[in-house]
Structure formats: structure tokens, C-alpha cells
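Asks: In my numbering, the protein residues as written are 9 to 134. All residues carry an ideal CB built from backbone N, CA and C; glycine is no exception.
#1: On a CA-only basis, which of 38, 65, 29 and 23 is nearest residue 105? Give me that one, please.
#2: If I'm right that residue 74 touches residue 90 with Cβ under 8 Å, what's the distance once you round it to whole angstroms?
#3: By a C-beta neighbour count over all protein chains shown, 10 Å radius and 16 as the cutoff for buried, is residue 24 buried or exposed?
#4: Only counting the same chain, and skipping five residues up and downstream in sequence, which positions put a Cβ closer than 6 Å to that of residue 114?
#5: On the CB-based measure, 16 or more other CB atoms within 10 Å of its CB, does residue 111 come out buried or exposed?
#6: Could you pull the start and end residues of the beta strand (DSSP E) that residue 106 belongs to?
#7: Rounded to whole angstroms, how far is the Cβ of residue 32 from the Cβ of residue 61, which I believe are closer than 8 Å?
#8: Can you tell me the Cα-Cα spacing of residue 97 and residue 69, whole angstroms?
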């Protein structure tokens, strides 16, 4: 079995999981295998998120909606929409989204945990 297949199975097995971190913060995984489309060419609908105590999302990776990519300075230029994106940690709930380059299920999970670690270092005083 290939590494990518193992990574996909591992990601799909995270669906519905909630993991409590540092007794207060928590992460949530929603992952579904879907028919590939133009919007979801890899066939994985996902939402991985970090939440503060009480529930507000402060970081997330998902493809639930499209976001415009930074583009042309021309007013009427065509817009490219990205569905894979990251809600980057800013210290405020529901941060704005930026494009995320989805390369593989394993890389998505690694990038998510890296972002969670960085956010928690800023959130939790040492």
C-alpha cells in the first residue's frame, strides 16, 4: 500500500474526532471522501480547526467555500477562486482565509499540526 493511500486512510479516520489540548483548547476534524470535482479535484472535503475555550475557531484548514486568489490589478480581470484555504491564526476568532496549496493528505495534517503548535505558543503564556 502506498504512503499516499495510508495518509488518505489516516486522514479519513480522523473524521468526527475532537482532541482536547492543554485542557481547554481543542481541535476538530471533519473529513469526507467525495467525488472529485473542479472545486475539489483531490476528492477530499475537509475542515480541520483549532478552537479556544468556549468554542470560537481561531485557526483552520478547509475547502468548504471558495476564496478569491490575489490577482490582477485590473478592475475587470477574471478571478481565480481557491477552495483549499487556511484561516490563519491572528489572535481573533474566525480569522480571514488565504489560499492553501493542497499537495497530499499527509502534508495537510502535518501543516495543520504545525500551525496549531505555532498558534498555541502565542495563545498560552509560558
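Replies: Reading it off the structure:
#1: 65
#2: 7 Å
#3: exposed
#4: 15
#5: exposed
#6: 105-107
#7: 4 Å
#8: 11 Å
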